[in-house]
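S.K.: With positions in the sequence shown counted from 1, the corresponding number in our numbering is that position plus 36. Have a look at this one before I ask anything.
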Amino acid sequence: MLLKPLSILLLVATCICISLFSHAQCNTNQISLSGSSCVGSQLRLNSTIVPDSITWIYAGNKVAGQKAILNDTGTTVAGGNRQGARADQLSHPDRIYVDAAGVIYIPDTDNNRVQKWLPGASSGTTVAGGNGAGNAPDQFDRPTSVCLDAQGNIYVADQNNNRVQKFAPGATQGVTVAGANGELRAPTDLFIDAGGSLYVSDQLNNVIRKYAPGSPNGVVVAGNFSAGTGPANLDGPSGIYVDAAGNIYICDTNNKRVQKWGPGASTGTTVAVVSFTSGFPLDVSVDCKGDVYTLDYALGVVIKNMGVNEIPVIGREGYGFGVNRLYFPIGIFISENNIMYIADSENHRVQKFTYKISPVFTPNVPGNYTVIAHYKCCPDVSLPFTVELGKKAAIEITATATSICPGEQVTFTATNPNQLLNPKYQWKLNGVDVSANSNTYQPAVLQENDHVQCIMMSTGVCDLPDRNASNIIRIEYTAPVPLDLEPQVFICPDGNTTLRATATYNNYVWQDKSTQPQLTVSAPGKYYVTAEDKCGRSFSDTVLVSLFAPDNHILPVDTIICSYENLQLKPIKECLSFLWSDHSTNPSITINQPGLYWLQAKDMNGCTVRDSLNLLTKTCPPRGIYMPNAFTPDNNGKNDILKPVIYGKIKKYQFRVFNRYGQMVFNTSNPAQGWDGRVNTNLPNAGVYVWSCSFELEGAKPVIEKGTVVLIK
37 MLLKPLSILL LVATCICISL FSHAQCNTNQ ISLSGSSCVG SQLRLNSTIV PDSITWIYAG
97 NKVAGQKAIL NDTGTTVAGG NRQGARADQL SHPDRIYVDA AGVIYIPDTD NNRVQKWLPG
157 ASSGTTVAGG NGAGNAPDQF DRPTSVCLDA QGNIYVADQN NNRVQKFAPG ATQGVTVAGA
217 NGELRAPTDL FIDAGGSLYV SDQLNNVIRK YAPGSPNGVV VAGNFSAGTG PANLDGPSGI
277 YVDAAGNIYI CDTNNKRVQK WGPGASTGTT VAVVSFTSGF PLDVSVDCKG DVYTLDYALG
337 VVIKNMGVNE IPVIGREGYG FGVNRLYFPI GIFISENNIM YIADSENHRV QKFTYKISPV
397 FTPNVPGNYT VIAHYKCCPD VSLPFTVELG KKAAIEITAT ATSICPGEQV TFTATNPNQL
457 LNPKYQWKLN GVDVSANSNT YQPAVLQEND HVQCIMMSTG VCDLPDRNAS NIIRIEYTAP
517 VPLDLEPQVF ICPDGNTTLR ATATYNNYVW QDKSTQPQLT VSAPGKYYVT AEDKCGRSFS
577 DTVLVSLFAP DNHILPVDTI ICSYENLQLK PIKECLSFLW SDHSTNPSIT INQPGLYWLQ
637 AKDMNGCTVR DSLNLLTKTC PPRGIYMPNA FTPDNNGKND ILKPVIYGKI KKYQFRVFNR
697 YGQMVFNTSN PAQGWDGRVN TNLPNAGVYV WSCSFELEGA KPVIEKGTVV LIK
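This is the structure in structure tokens:
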């Protein structure tokens, strides 16, 4: 069998990236028994994950046991539809990642994308890349590895771009978290440990780098940049795996071995050697028992304890396309529930391999038993149970309907929750025996308030002689439900509404012959519907549809402003939505240019209304203040009020008047209010007064003006 050239291997070599798991994560394992607990009946152990082995114990002694074996017949869980770029296809999938829910993340190498494949899905969705080869934030050039951290961020080894990209959940563009400084050459595999540190196999530099969370600079934790065969050397490292103790298992590809590198060590120890001349280790995983699983790309097999009591477990039949064969496999991932996933590169698919076991046991004597489920990477779980010679009768009955039409047939069914082997049945209608020795009963005619019950008798060899009465089911006739439409409905002149009848009937007929529970109408008038319920009873109702009368007068009258002023234009009536002539959708707009402005809105009934305003401008005195130097508050209607005249739109305003002693005799912030010469309701006193006015005009800075004024009587 020919190998692919090494130059290609250096680009496609991958290894497992798997979240660490320990016994603490196995506490959710649950086991239960199904089947009859009578002597001679078969029991089946049910477990949330497949046990490594099962032990059945009676009276302190093992009486039966089973051992799980890896099923070398795989199931295609992604791709397998020939090479391609469709959502249901893959092109040379590389090293994969599987989360706790069984969702598979696949670096689809030739398509330069990462595909997310849900359990049972027939196609995947692109969660990163997929925009052609390139080095943009949303592109890859040969992605070879993918990992997820505890926060759901996706990390991708972008091999030909010599970088590692991180994609936040839902992001379409990645950020470079490793390689931005140029230190990586052909990063091939990734691994994230429990502390969030990122490990990268820097293949062409012959080292493994570790990046602390948030650090752009990696620390070399294995290798010395020099290709060689010594314990301190690596030659083309590809796949990596980090166990809970921090030991790094490295596919030392060109040296045909797997090296184990302890935390802080300067040299590695060989833990697996390829014993085949043509073999190439590209992927490795280590389970909690210390068994090393190596994926040999060139031979197309997965080997347990390679070189040390090695056992080919997948692909023993050689290359191929069948369910028990692989064709240049790239990546291996073993989930925490001991399921093996293989990226079958040249078959353009992902295969799933599970363990199988025969979890059945038939007790032959009564008594107390215990079953123990042994898990490869999780604590044992035990379950005590008792085997009896028989069970007491128990019975429950159900009916196909309890609310019926007169003459409607009903079927009653009895259930046997205690699983008696040979039960007998006696049905009763209103307390009278009517049918025997069948778990179903169908009366010919049922009247309102009839009640049905069933008696079960246990007569089987394994059952205890007993009888028990079921629950009682009472029958009632279905009451008529009035057909109820609204008495009157209003719609906009350009709108419509949907009339809805009560949704409990079997048949509907509107005046236009439509037969749905609802009818959409756009014209005023009287509408009616006739409906028939399941008992054949007919009901009718009508509804009057009327038109709203929209009021289009929603803007002020035409307006004239000074040429330097702004006008805030808003509707004079409440509206639900707005579309102005400048395409704004805000409740108001600010205008200052002469012209025609219009508003199309939805009134409070949701109807479309439209109005316009013509804005004119005039030449006004320059913006500023004018103040007379005298006034005569003699109530003759002329010059009676002292008030500044301000040209421009006022934003802030304060006007004060002081007597010759510096006492304030008048103060206002209302531009429309002036001083009539009175002080505390006293008549005006002639004399000279000092005034002060502070104001701010729209588009100008705040101003303070002062002066004197003569009050003449």
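Ideal Cβ placement from N, Cα and C applies to all residues, glycine included.
Would you grab the beta carbon distance between S613 and K638 for me? Rounded to a whole angstrom, and I think it's under 8 Å.
M.R.: 4 Å
S.K.: Where DSSP assigns a beta bridge to D319, which residues make up the other side?
M.R.: L331
S.K.: Just verifying my parser: in three-state terms, what is the DSSP assignment at E424?
M.R.: E424 carries a strand assignment under DSSP once its states are collapsed to helix, strand and coil.
S.K.: Taking the continuous beta strand (DSSP E) assigned at T717, which residues delimit it?
M.R.: Per DSSP, T717 belongs to no beta strand (DSSP E) and is neither H nor E.
S.K.: Among residues of its own chain, excluding the 5 on either side of R149, which ones have a beta-carbon nearer than 6 Å to its beta-carbon?
M.R.: T162, G165 and G166
S.K.: Between the Cα of D146 and those of W153, S181, G156 and S158, spot the shortest distance and give me the residue it belongs to.
M.R.: Taking only the C-alpha atoms, the option nearest D146 is S181.
S.K.: Which residue wins for smallest C-alpha separation from V582, given the options L632, R573 and F526?
M.R.: The displayed chain sequence assigns Ser, not Val, to residue 582. It is F526 whose Cα lies nearest to the Cα of S582.
S.K.: Output needed for P630: all residues of its chain with C-beta closer than 6 Å, excluding positions within five of it in sequence on either side, in chain order.
M.R.: L651, L652 and T653
S.K.: Can the beta-carbon of I228 be found closer than 9 Å to that of Y191?
M.R.: yes
S.K.: For the segment 160-191, which segments carrying the beta strand (DSSP E) assignment without a break, of at least 3 residues, lie completely within its bounds, in sequence order?
M.R.: 161-165 and 179-184
S.K.: Can you give me the C-alpha to C-alpha distance between Q387 and N641, rounded to a whole angstrom?
M.R.: 59 Å
S.K.: Does the Cβ-Cβ distance between S89 and G71 come in under 9 Å?
M.R.: In terms of Cβ geometry, S89 and G71 do not form a close pair [threshold 9 Å].
S.K.: How long is the line joining the alpha carbons of P516 and A472, rounded to whole angstroms?
M.R.: 35 Å
S.K.: Can you tell me whether V328 is buried or exposed, with buried defined as 16 or more other CB within 10 angstroms of its CB?
M.R.: buried
S.K.: Which whole-angstrom value describes the C-beta separation of L678 and G710, a residue pair presumed to lie in contact below a C-beta threshold of 8 Å?
M.R.: About 6 Å separates the beta carbon of L678 from that of G710, a gap short enough to meet the 8 Å contact definition.
S.K.: Just verifying my parser: in three-state terms, what is the DSSP assignment at N241?
M.R.: helix
S.K.: State whether the segment 74-92 contacts the segment 407-424, with contact taken as three or more CB pairs (one from each stretch) at a distance under 8 Å.
M.R.: yes
S.K.: Got a sec, what are the start and stop residues for the beta strand (DSSP E) I627 sits in?
M.R.: I625 to I627
S.K.: Might you give, ordered along the chain, the residues of its own chain that have their beta carbon closer than 6 Å to the beta carbon of N260, omitting 5 neighbours on each side?
M.R.: A268
S.K.: Taking DSSP as the reference, what is the three-state secondary structure of N543?
M.R.: In the structure shown, N543 sits in a strand (DSSP, three-state: E or B).
S.K.: Whole angstroms is fine: what's the gap from G250's alpha carbon to D238's?
M.R.: Those two C-alpha atoms are separated by around 19 Å.
S.K.: Can you tell me which residues form a DSSP beta bridge with M133?
M.R.: Before going further, note that residue 133 is Tyr rather than Met in the sequence given. Partner(s): Y141.
S.K.: Helix, strand or coil: which one does DSSP assign to S621?
M.R.: Strictly speaking, residue 621 in this sequence is Thr, with Ser absent from that position. Looking at T621 - three-state DSSP - the assignment turns out to be coil, as it is neither helix nor strand.
S.K.: Of the choices D288, N454 and S474, whose alpha-carbon is the least far from that of W463?
M.R.: S474
S.K.: Counting only runs that start and end within the segment 367-401, where is the alpha helix (DSSP H) found for 4 or more residues in a row?
M.R.: None, since the segment 367-401 contains no complete alpha helix (DSSP H) of that length.
S.K.: Does the distance from the CB of A430 to the CB of M492 come in under 9 Å?
M.R.: yes
S.K.: Enumerate in chain order the residues of its own chain whose CB-to-CB distance from P299 is below 6 Å, with the five nearest sequence positions on each side excluded.
M.R.: Cβ neighbours of P299 beyond the five flanking positions: G282.
S.K.: Mind checking which residues open and close the beta strand (DSSP E) that includes R149?
M.R.: R149 to W153
S.K.: Among the residues of its own chain, which have a CB less than 6 Å from the CB of T744, if the five just before and after it don't count?
M.R.: V724 and V726
S.K.: Can you tell me which of the three DSSP states N507 falls into?
M.R.: coil
S.K.: With a threshold of 8 Å on Cβ separation, who are the neighbours of F694 within its own chain once the five nearest residues in sequence on each side are excluded?
M.R.: M700, V701, Y725, V726, W727 and S728
S.K.: Contact defined as beta carbons within less than 8 Å: I believe D194 pairs with S159. What is the distance between those atoms, to the nearest angstrom?
M.R.: Going by Cβ atoms, the distance from D194 to S159 rounds to 24 Å, so no, they are not a contact pair.
S.K.: Beta-carbon separation of N217 and N197 under 9 Å?
M.R.: no
S.K.: Determine the direct distance from the alpha carbon of K98 to that of N374, and round the result to whole angstroms.
M.R.: 26 Å
S.K.: Assuming the contact rule is C-beta atoms closer than 8 Å, R361 and G354 should be a hit. Round their C-beta distance to whole Å, please.
M.R.: 7 Å
S.K.: In three-state DSSP terms, what is N97?
M.R.: strand
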